[in-house]
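Notes follow once the structure below has been shown.
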Amino acid sequence: ERERASPVVQSVLEVARRRGRILVVDDEASLGEVIQTYLAHHEVRLETTAVGGRSAFDEPWDVVILDVLLRESSGIDLWRELKERDAAAAGRVLFVTGGSLTPEVARFMIDTDNPTLVKPFDFRELVRLVDERVAARDE
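Note that the numbering used here has the sequence shown beginning at 2, numbered continuously upward.
The following block contains the structure:
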């Protein structure tokens with residue numbers, strides 16, 4: 002008969018199962034660093050440029066937190082690129098925005114099923130949304 006792992010080992014394994022890989026693409030480095038702090042129970046990578054975010058799409062992520070308006074590109078354009086490469090990954094994007102929405106951006110937010118948080122947002126809500134998506138990965 003196979004022995005059960007000790008409670009300590011079981012606990013470590015449970016935490017590892019709940020730990021997600023999170024990509025944050027936001028040109029506000031200070032906000033990205035705060036997000037990293039709130040999500041420290043996950044593996045978090047911060048990219049502050051669209052180019053960095055685009056190259057990070059080559060890796061698997063449980064959740065991508067994507068700013069709608071980046072300095073040199075549109076987060077929406079990045080999302081569309083990701084959707085062409087991997088529709089399932091595009092479904093795991095959580096958008097953040099400063100709230101200055103053009104009619105085009107507002108229409109996109111209405112038409113997409115991805116959640117959007119408007120800055121300044123409640124970091125507890127961000128943590129809840131990320132943790133729910135990481136937990137859903139294992140179901």
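Every residue, glycine too, gets a C-beta built ideally from N, C-alpha and C.
Query, Result
"Three-state class that DSSP yields for Asp63 in the structure shown", "coil"
"For Arg125, the three-state DSSP class (helix, strand or coil)", "helix"
"Phe96, DSSP secondary structure in three states", "strand"
"Extent of the continuous beta strand (DSSP E) run through Thr117", "117-119"
"Beta strand (DSSP E) segment containing Arg72, residue limits", "Arg72 -> no beta strand (DSSP E), and no H or E assigned at all."
"C-beta contact flag for His43 and Ile23 at 7 Å", "yes"
"Exposure of Glu48, with buried meaning 16 or more beta-carbon neighbours within 10 Å", "buried"
"Leu83 beta carbon less than 7 Å from that of Ala89", "no"
"8 Å contact criterion, which Ala51 and Leu71 should meet: CB distance rounded", "5 Å"
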